[in-house]
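K.L.:
Residue numbers (my numbering), protein chains in the order written: chain A, 1 to 96; chain B, 97 to 192.
Each residue gets a CB set at the ideal place from its N, CA and C atoms; glycine is no exception.
Please see the structure below; I have some questions.
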């Protein structure tokens, strides 16, 4: 699946409700899911980890849609290696 | 770009250093980037928002690699609509 297809799928599945909720409250869900991911990483099964990465990705993507950002454009920043130093592997530690 | 290609690119660019840092410390970077995204969403330009979504996606992906999770498998959970209710658009509000 491409990143563009994933964003389109998420928009079709959740876009209307997420738009009603608004950007700020949707971002709060994203943060909640990051917390659930922390717990899954510490203690839970591989299947639960997959679910939590999936949820964070979905909430990140829907937040991007509400902010007018294409995740495929965001991902493309890394297509030619580290966007900071331009190297693969990165040589700069990507500190901004 | 596919989600699988993105994860491979991130692994090639950052995988060795991130593995040396370890899962827990890499997760802390992810959380730091979520904070930077919050600030960008509040106050900053479209270009900065794209950068911050990009950074969160990259750190989420490298964390997944360290946890042995394929982001393409994670994304596939949403391929047939809401994984909770199975509908597109979702009818359940995706509360777990």
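(1) Can you name the residues of chain A whose CB is closer than 7 Å to the CB of residue 168(B)?
(2) From what residue to what residue does the alpha helix (DSSP H) around residue 145(B) run?
(3) Taking only beta-carbon atoms, is residue 118(B) less than 8 Å away from chain A?
(4) Starting from residue 31(A) and walking both ways along the alpha helix (DSSP H), at which residues does that stretch end?
(5) If the cut is a Cβ gap below 8 Å, which residues of chain D does residue 84(A) touch?
(6) Note down, in chain order, each residue of its chain lying with its Cβ closer than 6 Å to the Cβ of residue 24(A), except the 5 sequence neighbours on either side.
(7) For a contact defined as C-beta to C-beta under 7 Å, what are the partners of residue 105(B) on chain A?
(8) I want to verify the contact list: residues of chain B whose CB lies under 7 Å from the CB of residue 12(A), in sequence order.
(9) With DSSP as the reference, label residue 88(A) as helix, strand or coil.
(10) Please report the Cβ distance between residue 79(A) and residue 158(B), rounded to the nearest whole angstrom; I am assuming they are in contact, meaning their Cβ atoms lie under 8 Å.
(11) Chain B partners of residue 64(A), CB-CB under 7 Å?
(12) Do residue 13(A) and residue 177(B) have their C-beta atoms closer together than 8 Å?
(13) Return the residue from the list 52(A), 75(A) and 16(A) that minimises the CA-CA distance to residue 169(B).
(14) Excluding sequence positions up to five away, which residues of its chain have a Cβ less than 8 Å from the Cβ of residue 77(A)?
P.N.:
According to the structure shown:
(1) By Cβ distance, chain A contributes 1.
(2) It spans 142 to 162 - the alpha helix (DSSP H) in which residue 145(B) sits, taken as one unbroken run.
(3) no
(4) For residue 31(A), the uninterrupted alpha helix (DSSP H) run begins and ends at 23 to 43, by DSSP.
(5) Of the protein chains in this structure, namely A and B, none is chain D.
(6) none
(7) 78 and 79
(8) 184 and 185
(9) coil
(10) About 16 Å; that fails the 8 Å criterion.
(11) Per Cβ cutoff of 7 Å: 149.
(12) Going by C-beta atoms, residue 13(A) is nearer than 8 Å to residue 177(B).
(13) The shortest Cα separation from residue 169(B) among 52(A), 75(A) and 16(A) belongs to 52(A).
(14) 83
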